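Following: one structure in structure tokens, then a few remarks.
In my numbering, the protein residues as written are 2 to 146.
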């Protein structure tokens, strides 16, 4: 069964590298540390998944990967905005876990351990090139493009 979805919004990320993420050029380049710990933030402004409105929510994927990401065996967990209904959270989880294809679907073969999906309070603030996010009591960072 093929599910139609369309999502738009903003995206930003941060990782544990000491310099600009080498993986933004290629996943075959090694991280600057022994492992890469990356947070991928998808601030969904508009969208629908199989007819369900999913606009106005944030999803964050947190991964722990080997130095060279293409080696696979990633540990990946997903956080979904607690304000989403059960149906909206289920649909967003399917998109951002890669189950419905798309960009995250390309990463599925690299995941060795899925840590599941957790719904938490997520606060995102964007001001031009500055982005900040707080995910429950787990993640709190600010970056500038």
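Backbone N, C-alpha and C fix where the C-beta goes; we use that ideal spot for every residue, glycine too.
The structure displayed is predicted, hence computed values, not measured ones.
8 Å Cβ cutoff met for residue 39 and residue 61: On the chain shown, residue 39 is found 38 positions in, with the first residue counted as 1. On the chain shown, residue 61 is found 60 positions in, with the first residue counted as 1. Cβ distance not < 8 Å, so residue 39 and residue 61 don't count as in contact.
If we count Cβ pairs, one from each stretch, closer than 8 Å, do we get three or more for the segment 129-138 versus the segment 67-79? The segment 129-138 vs the segment 67-79: no contact.
Those runs of the beta strand (DSSP E) which lie wholly inside the segment 91-145 and span at least 3 residues: 112-121, 123-128, 131-136 and 140-145
Residues near residue 116 in its chain [Cβ-Cβ closer than 7 Å; skip 5 each side]: For the purposes of this step, residue 116 is taken as residue 115 along the chain shown, with counting starting at 1. Within the same chain, residue 116 has close Cβ partners 76, 77 and 78.
In whole angstroms, what separates the C-alpha of residue 10 from that of residue 97? Within the chain shown, the letter at position 9 stands for residue 10. Within the chain shown, the letter at position 96 stands for residue 97. Whole-angstrom Cα-Cα distance: 14 Å.
If we ignore side chains and look at the alpha-carbon of each, how far apart do residue 87 and residue 53 end up? Numbered from 1 along the chain shown, position 86 holds the residue referred to as residue 87. Numbered from 1 along the chain shown, position 52 holds the residue referred to as residue 53. In a straight line, the C-alpha of residue 87 is about 11 Å away from that of residue 53.
Ranges of the beta strand (DSSP E) found wholly within the segment 62-91, counting only runs of at least 3: List check, beta strand (DSSP E) in window: 75-82.
Residue 158 and residue 12 look like a contact to me (Cβ under 8 Å); what is the Cβ gap, rounded to whole Å? What the structure shows of the chain is the stretch from 2 to 146, and residue 158 is not part of that stretch, so it cannot be assessed.
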